[in-house]
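The block underneath contains the structure these notes are about, expressed in structure tokens.
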Amino acid sequence: MNGKQRTVEQSKQWLCDALINLMMKENFQDISITEIAQTAELSRKTFYHSFKNKEAVINYLCDQLFDQYFEQLLQQKPQVGELMLKTTFDIFLNFWWRKRDLIQLLIRQGLFDHMNEIWQQKAIPRYQQFAAPWHVHGTPTQVNYVMALQLGGLTNILRVWLGQDQPEPPEQIKDLMLLAAQQLADSLNTNQIS
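Numbering (full-length UniProt numbering), first residue to last: 1 to 194.
Here you go:
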């Protein structure tokens, strides 16, 4: 990355940080481009060189979050079955626990569903990079549906868990997730109808 690229990235980060700070006090819809630029101590011209609109700033923020999360996910060593699931849940819950203030802000601002859409788009191309035993190897359409099922469950856990004023610790949520996964697996392995 050359000096100009670093300057552009730094400006984007300052604008992103400015928007986050403003959202702590104001409704996202009421925040203007001028306010964001002034809070970042940059010009409107610099804003428009970096972003098309304030929604693009949110997209940039979400891209950063998912890149960081995926980087951590890829660092885990392949394991079998339940061990891999436990490790994956640990990474998932602990990463988002550290980002809980930001997630809670996005929930309050009505931007959580937007974040989910971006996550779905970013996750599909990376699906094969993360070799999990529960992944389905199929057509792009099949993978899309499997990712929608998996991510839908995970992101709804985030919404319920971190949408609270006093969220439970990650370990407690991991135990609930493992119990639910075990009950699902057990229900698929039984021939008895209750």
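Note that beta-carbon positions come from the ideal geometry of N, C-alpha and C, so glycine has one too.
- Query: So what's E35 in DSSP terms, helix, strand or just coil?
  - Reply: As a position in the sequence shown, residue 35 is number 35, starting the count at 1. Three-state DSSP puts E35 in a helix.
- Query: Is T7 buried or exposed, if buried means 16 or more other CB atoms sit within 10 Å of its CB?
  - Reply: In the sequence shown, the residue the question calls residue 7 occupies position 7. So T7 counts as exposed.
- Query: alpha helix (DSSP H) containing T7: first to last residue?
  - Reply: Position 7 of the sequence shown, counted from the first residue, corresponds to residue 7. Counting along the chain, the alpha helix (DSSP H) containing T7 begins and ends at 3 to 23.
- Item | Contiguous alpha helix (DSSP H) assignments of at least 4 residues, all confined to the stretch 42 to 91 | 44 to 50, 54 to 75
- Query: By Cβ distance below 6 Å, which residues in the same chain neighbour P167 in space, the five residues on each side in sequence not counted?
  - Reply: Looking up residue 167 in the sequence shown gives position 167. If we look at P167 and ignore the five residues flanking it on each side, its Cβ neighbours are W161.
- Are the stretch 101 to 108 and the stretch 144 to 156 in contact at 8 Å, needing three or more beta carbon pairs? In this structure the stretch 101 to 108 does not touch the stretch 144 to 156; the number of beta carbon pairs closer than 8 Å is below three.
- Query: Which same chain residues, not among the five before or five after A40, have their C-beta less than 6 Å away from its C-beta?
  - Reply: Against the sequence shown, residue 40 aligns to sequence position 40. Cβ neighbours of A40 beyond the five flanking positions: W14, L15, A18.
- Query: For the alpha helix (DSSP H) that P125 lies in, which residues bound it at each end?
  - Reply: Indexing the sequence shown from 1 puts residue 125 at position 125. Run containing P125: 112 to 126, per the alpha helix (DSSP H) assignment.
- Taking C-beta to C-beta, are I31 and L93 nearer than 9 Å? In the sequence shown, the residue the question calls residue 31 occupies position 31. In the sequence shown, the residue the question calls residue 93 occupies position 93. Against a cut-off of 9 Å, the Cβ pair of L93 and I31 comes out as no contact.
- Rounded distance between the beta-carbons of Q72 and F95, thought under 8 Å: Within the sequence shown, residue 95 is the residue found at index 95, counting from 1. Within the sequence shown, residue 72 is the residue found at index 72, counting from 1. F95 to Q72, Cβ: 6 Å. Contact.
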